[in-house]
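Enquirer:
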Amino acid sequence: MSVRPQAHPVGPKPPFWRDRAKRALIFQVLLIAAVAAFLLYIIGNTQANLAARGITTGFGFLSNTAGFGIVQSLIDYSSQSTYGRTFVVGLLNTLLVSALGVVAATIIGFTVGIARLSPNWLIARLANAYIEIFRNIPLLLQIFFWYFAVLRTMPSARDSLSLGEVVFLNVRGLYLPEPLFESGFGLIPLTLGIAVAASIALVVWNKRRHETTGKRFPAGWISLGLILGLPLMVLVATGVPVTWDVPQLTGFNFRGGITIIPEFLALWLALSIYTASFIAEIVRSGIQAISHGQTEAAQALSLPRNLVLRLVVVPQAMRVIIPPLTSQYLNLIKNSSLATAIGYPDLVSVFAGTTLNQTGQAIEVIAMTMAVYLTISLLVSMFMNWFNARVALVER
Amino acid sequence: MLNKKNKLVLLATAGAMVLGANSVAQASTLDDTKNRGAVQCGVSDGLPGFSAPDDQGEWQGLDVDVCRAVAAAVFGDAEAVRYISLNAVERFTALQSGEVDLLSRNTTWTTTRDTTLGLNFAGVNFYDGIGFMVNTDLGVSSSTELDGAAVCVQSGTTTELNVADYFRANGMTFDPIVFDTSEQTVGGYEAGRCDVLTSDTSQLAALRIQLSDPDGSVILPEVISKEPLGPVVRQGDDQWFNIVKWSLFAMLNAEEMGITSDNVDEMLASEDPDIARLLGEDGNYGQGMGLEANWAYNIISQVGNYGESYERNVGMDSPLQIERGINALWTQGGIQYAPPIR
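First to last, the sequence lines map onto chains A and B. 31 is the number that full-length UniProt numbering gives to position 31 of the first sequence; each next residue is one higher, with no gaps. 286 is the number that full-length UniProt numbering gives to position 286 of the second sequence; each next residue is one higher, with no gaps.
1) Taking C-beta to C-beta, are residue 382 (chain A) and residue 326 (chain A) nearer than 7 Å?
2) Report the neighbours of residue 358 (chain A) on chain B: residues whose CB is nearer than 8 Å to its CB, in chain order.
3) For residue 18 (chain B), I'd like the list of residues in its chain whose CB is within less than 6 Å of its CB, leaving aside the five on either flank, ordered along the chain.
4) Leaving out the 5 sequence neighbours to the left and right, which residues in its chain are closer than 6 Å to residue 313 (chain B) when beta-carbon positions are compared?
5) Take residue 248 (chain A) and list the residues in its own chain whose beta-carbon comes closer than 7 Å to its own, dropping the five residues that flank it on each side.
6) Going by DSSP, what residue range makes up the beta strand (DSSP E) through residue 334 (chain B)?
7) Going by CA-CA distance only, name the one from A:273, A:226, A:209, A:238 that's closest to residue 107 (chain A).
8) Mapping DSSP to helix, strand and coil, what is residue 284 (chain B)?
9) Keeping to the same chain, check which residues put their C-beta closer than 8 Å to that of residue 309 (chain B); ignore five residues upstream and five downstream.
10) Can you give the Cα-Cα distance for residue 178 (chain A) and residue 148 (chain B), rounded to whole angstroms?
11) Sort B:153, B:190, B:56 by Cα distance to residue 154 (chain A) and report the nearest one.
12) In whole angstroms, give me the CA-to-CA distance for residue 74 (chain B) and residue 33 (chain B).
13) If the cut is a Cβ gap below 7 Å, which residues of chain A does residue 192 (chain B) touch?
14) If you reduce the DSSP assignment to three classes, tell me which class residue 132 (chain B) lands in.
15) Do you know whose CA, among A:295, A:314, A:263, A:75, lies nearest residue 146 (chain A)'s CA?
16) For residue 194 (chain B), which three-state DSSP category applies?
17) So, is the C-beta of residue 340 (chain B) closer than 7 Å to a C-beta in chain A?
18) Expressed to the nearest angstrom, what Euclidean distance is found between the alpha-carbon atoms of residue 164 (chain A) and residue 176 (chain A)?
19) In chain order, which alpha helix (DSSP H) runs of at least 4 residues are fully inside the segment 86–159 of chain A?
20) Anything in the segment 39–57 of chain A with a Cβ closer than 8 Å to a Cβ of chain B? List those residues in chain order, please.
21) Do the segment 223–240 of chain A and the segment 265–279 of chain A touch if we need at least three Cβ pairs shorter than 8 Å?
22) Identify the continuous beta strand (DSSP E) that holds residue 166 (chain A) and give its terminal residues.
23) Hey, residue 131 (chain B) and residue 201 (chain B) are a contact pair by Cβ (cut 8 Å); roughly how many whole angstroms apart?
24) Measure the beta-carbon distance from residue 106 (chain B) to residue 40 (chain B) and round it to whole angstroms, keeping in mind my assumption that it falls under 8 Å.
25) Please list, in chain order, the residues of the segment 241–272 of chain A that have any C-beta partner in chain B closer than 9 Å.
26) Name, please, each residue of chain A whose Cβ falls closer than 7 Å to the Cβ of residue 177 (chain B).
27) Answer yes or no: does any C-beta atom of chain B fall closer than 7 Å to that of residue 151 (chain A)?
28) Assuming contact is defined by CB atoms lying nearer than 7 Å, are residue 118 (chain B) and residue 44 (chain A) in contact in what I supplied?
29) Identify, in the order they occur along the chain, each residue of the same chain with its Cβ nearer than 6 Å to the Cβ of residue 11 (chain B), setting aside the five sequence neighbours on each side.
30) Which class does residue 320 (chain B) belong to by DSSP, given the choice of helix, strand or coil?
31) Which residues in the same chain as residue 8 (chain B) place their Cβ atom closer than 7 Å to its Cβ, once the five residues preceding and following it in sequence are excluded?
32) Can you check DSSP and say which residues form a bridge with residue 245 (chain A)?
33) Express the C-alpha separation of residue 200 (chain A) and residue 347 (chain A) in angstroms, rounding to a whole number.
34) Counting along the chain, where does the alpha helix (DSSP H) carrying residue 328 (chain A) start and finish?
35) Is the beta carbon of residue 90 (chain A) less than 7 Å from the beta carbon of residue 351 (chain A)?
36) CB-CB under 7 Å to residue 338 (chain A), same chain, minus the five flanking residues each way: which ones, in chain order?
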């Protein structure tokens, strides 16, 4: 903390309008008051206009019966549910496709980004072609491509492609068997929990030991074995208390099992592949930002190439990668609203589309939808900033 | 510093004044229309028979004829219309916000729409109901056999609600596949995404002839709901409401009296007092709406009566070939009935 030198060390105190700091404060207060007054005015004006035109306002419509069906919902929903529930159904569908899109885009993006710098000519060129193709075609067209072009080549429900007569693929989507858990199954998630806890403890202990003694052992592989092996052993020991609900072709379509609708598949593929091409470039620039001396130094220690990448280059590159990566995640979440073009029941399609139109409550519905996207984006942004601060260069 | 902030405050005040002006400027729609020189009419995004551009790019259809009738009544010129194509989701907002003066777009008259959206329905120009179209390969002959079907439907329509009601009432389940525009809905049906395409039966007839193989699809006999379709205006402007309402009534009355676009000039000399009043030869029935005495004459001579419009656009003279059915006049066994000109 430094003390600011006094502008007027002697003499009477100047009047407040000559004091820069106070003047700035006054103007800021005035500006905020003006903005607040303006907002109040437009809200009042909107309400007066709506009332004058006989348009009903308020959020009461949320408890009315919706009366329309939604093809995919993660919670119980029927046409007898309320408009409030359509909001939740749409929100969850948006979150589902966004979350899975972020995961897939990250995996593809990192793989392609690293492949782009591969010394292998063919791999590097393939990665480059991927980036240039998918980065330069508008997302909406890619969604249409996956939905209409690829969907139309699928067989009808009666001539479905099948895998061992349990998994079916046709123009209506992908049908998977659904596991039905019997009593005694509760033991398996319990074992899984124990295995995960043990693995975490092992990794932490290994890290400490490595720091103090320099010795290391493959904790990653042992953890993987624990997490997969322990529940499997319990599963076999308890006599596999699971039955599978296999989809059956009855009437028009398959019944039973889990259905993944083609609208979801098309949107998820398009979002992941499109965003991944940007993430690949971010990863490439992040890696290239690390001085080549780092790689050479690591190689001089005779570390193998994959360890050089994993322990030396990527951790440093993350500091460059994370801020632009956050923007790509936000883009992906917001772009998921293009779902409405192919009829995937996301928030915009179900709530800002159908619900808005059936109730006519345009202002309320749009305000709620905007608030949702704003909240999701701010939360993602907050998390990524926290993550960024964690991996930031710690100067000692 | 100071200047910038002053500018901001000024901008805010100016913005508030513009908004204020907007709220005050609710002048009559008739004056706005006259100043503009054209009726702004919201129509569908392309539904043959009701509103779709023909091969010359001219809008044609039963709904388009309502727009033209209103223009003929206001300007004496049925061509003074600016068409704005709207999908189902956009239509009410466009009317509420004043983007269109009138919506003539196969829109179902329902309680919610009439009472909570600030809108008024000005009559019914087509009585319709929801039906189902299926591929003939499915071998389905009745909508009661549709349990478990995937159904393609357009977003934001009464169809979306009525279909859900129908399946629930009959103890059947279905997967709604919801699209934004009728074009996408048909695309989904043709791609095989759904077994059934559902909409108003008149629309199904129009959409069916657009399919690559119209004979491969059949419209099932059941009609599961009442869908009275008609033009819509904003609430709060009774003069404009009357103009749209009576433009439609003039077309219905003309058919009842046997006045057509061909014989309207001879009918001017008619002894029948009903005809004389409609054509403005006896009294001035346009005055109360701010129109000329010959408002109805202009409609009939330029657009024709309701029967002419029906046959030309959706009836036997058109590719749709929809029977008059309940859309016949009350004198012909139908339910189309207009109040008298008096």
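Note that beta-carbon positions come from the ideal geometry of N, C-alpha and C, so glycine has one too.
Expert: Inspection of the coordinates gives the following:
1) Numbered from 1 along the first sequence, position 382 holds the residue referred to as residue 382 (chain A). Numbered from 1 along the first sequence, position 326 holds the residue referred to as residue 326 (chain A). No.
2) Here residue 358 (chain A) corresponds to residue number 358 of the first sequence, with the count starting at 1. By Cβ distance, chain B contributes 112, 156, 160, 161.
3) As a first step, residue 18 (chain B) is located in the second sequence; it is residue number 18 there, counting from the start. Note on residue 18 (chain B): pLDDT 43, under 50, position unreliable in the model; the coordinate value appears next. Once the five neighbours on either side are set aside, residue 18 (chain B) has no close Cβ partner at all.
4) As a first step, residue 313 (chain B) must be located in the second sequence, where it is residue number 313. Correct list, in chain order: 49, 61, 62.
5) Position 248 of the first sequence holds residue 248 (chain A). Cβ within range, chain order: 254, 255, 256.
6) Reading the second sequence from its first residue, position 334 is the one you call residue 334 (chain B). Looking at the DSSP string, residue 334 (chain B) is not in any beta strand (DSSP E), and its letter there is neither H nor E.
7) Looking up residue 107 (chain A) in the first sequence gives position 107. Out of A:273, A:226, A:209, A:238, A:273 has the C-alpha closest to the C-alpha of residue 107 (chain A).
8) On the second sequence, residue 284 (chain B) is found 284 positions in, with the first residue counted as 1. DSSP places residue 284 (chain B) in coil when its eight states are reduced to three.
9) Mapped onto the second sequence, residue 309 (chain B) falls at position 309. So the list reads 62, 65, 251, 303, once near-sequence residues are dropped.
10) Mapped onto the first sequence, residue 178 (chain A) falls at position 178. Mapped onto the second sequence, residue 148 (chain B) falls at position 148. Cα to Cα, the separation comes out at about 19 Å.
11) By 1-based counting over the first sequence, the position of residue 154 (chain A) is 154. Taking only the C-alpha atoms, the option nearest residue 154 (chain A) is B:190.
12) Translated into positions along the second sequence, residue 74 (chain B) becomes position 74. Translated into positions along the second sequence, residue 33 (chain B) becomes position 33. Rounded to whole angstroms, residue 74 (chain B) to residue 33 (chain B) spans 9 Å at the Cα level.
13) Position 192 of the second sequence, counted from the first residue, corresponds to residue 192 (chain B). Neighbours of residue 192 (chain B) on chain A, chain order: 156, 171.
14) Locating residue 132 (chain B) in the second sequence gives position 132, counting from the first residue. Here residue 132 (chain B) sits in strand by DSSP.
15) Taking the first residue of the first sequence as 1, we reach residue 146 (chain A) at position 146. With distances taken between Cα atoms, residue 146 (chain A) lies closest to A:263.
16) Translated into the one-based positions of the second sequence, residue 194 (chain B) becomes position 194. In this structure, residue 194 (chain B) counts as coil in the three-state DSSP scheme.
17) Working through the second sequence from its first residue, we reach residue 340 (chain B) at position 340. It does not: the Cβ of residue 340 (chain B) has no partner Cβ on chain A nearer than 7 Å.
18) Against the first sequence, residue 164 (chain A) aligns to sequence position 164. Against the first sequence, residue 176 (chain A) aligns to sequence position 176. In a straight line, the C-alpha of residue 164 (chain A) is about 11 Å away from that of residue 176 (chain A).
19) 121–135, 139–144
20) 41, 42, 45, 48, 49, 50, 52, 53, 54, 55, 56
21) no
22) Numbered from 1 along the first sequence, position 166 holds the residue referred to as residue 166 (chain A). No beta strand (DSSP E) contains residue 166 (chain A), which DSSP labels as neither H nor E.
23) For this step, residue 131 (chain B) is matched to residue 131 along the second sequence. For this step, residue 201 (chain B) is matched to residue 201 along the second sequence. Right, their Cβ atoms sit about 4 Å apart.
24) One-based indexing of the second sequence puts residue 106 (chain B) at position 106. One-based indexing of the second sequence puts residue 40 (chain B) at position 40. Residue 106 (chain B) to residue 40 (chain B), Cβ: 18 Å. No contact.
25) 250, 251, 252, 253, 255, 259, 261, 262, 263
26) Here the question's residue 177 (chain B) lines up with position 177 in the second sequence. Within 7 Å Cβ-Cβ: 71, 343.
27) What you label residue 151 (chain A) is simply residue 151 of the first sequence in a count that begins at 1. Judged by the 7 Å Cβ criterion, residue 151 (chain A) is in contact with chain B.
28) Counting from 1 along the second sequence, the entry for residue 118 (chain B) is found at position 118. Counting from 1 along the first sequence, the entry for residue 44 (chain A) is found at position 44. The answer is no: Cβ separation not under 7 Å.
29) Position 11 of the second sequence holds residue 11 (chain B). Below a pLDDT of 50, predicted positions are generally treated as unreliable, and residue 11 (chain B), at 46, falls in that range; no measurement from the model is reported.
30) Position 320 of the second sequence holds residue 320 (chain B). In the structure shown, residue 320 (chain B) sits in coil (DSSP, three-state: anything other than H, G, I, E or B).
31) Walking along the second sequence from the start, residue 8 (chain B) turns up at place 8. Reliability fails at residue 8 (chain B), whose pLDDT of 45 lies under 50, so the model's placement of it is uncertain and the value that follows must be treated cautiously. Cβ neighbours of residue 8 (chain B) beyond the five flanking positions: none.
32) If you number the first sequence from 1, residue 245 (chain A) lands on position 245. Residue 245 (chain A) pairs with A:178.
33) What you label residue 347 (chain A) is simply residue 347 of the first sequence in a count that begins at 1. What you label residue 200 (chain A) is simply residue 200 of the first sequence in a count that begins at 1. For residue 347 (chain A) and residue 200 (chain A), the distance between alpha carbons rounds to 37 Å.
34) Taking the first residue of the first sequence as 1, we reach residue 328 (chain A) at position 328. Counting along the chain, the alpha helix (DSSP H) containing residue 328 (chain A) begins and ends at 314–335.
35) Residue mapping note: residue 90 (chain A) aligns to position 90 of the first sequence, counting from 1. Residue mapping note: residue 351 (chain A) aligns to position 351 of the first sequence, counting from 1. Yes.
36) Locating residue 338 (chain A) in the first sequence gives position 338, where the first residue counts as 1. 139, 140, 143.
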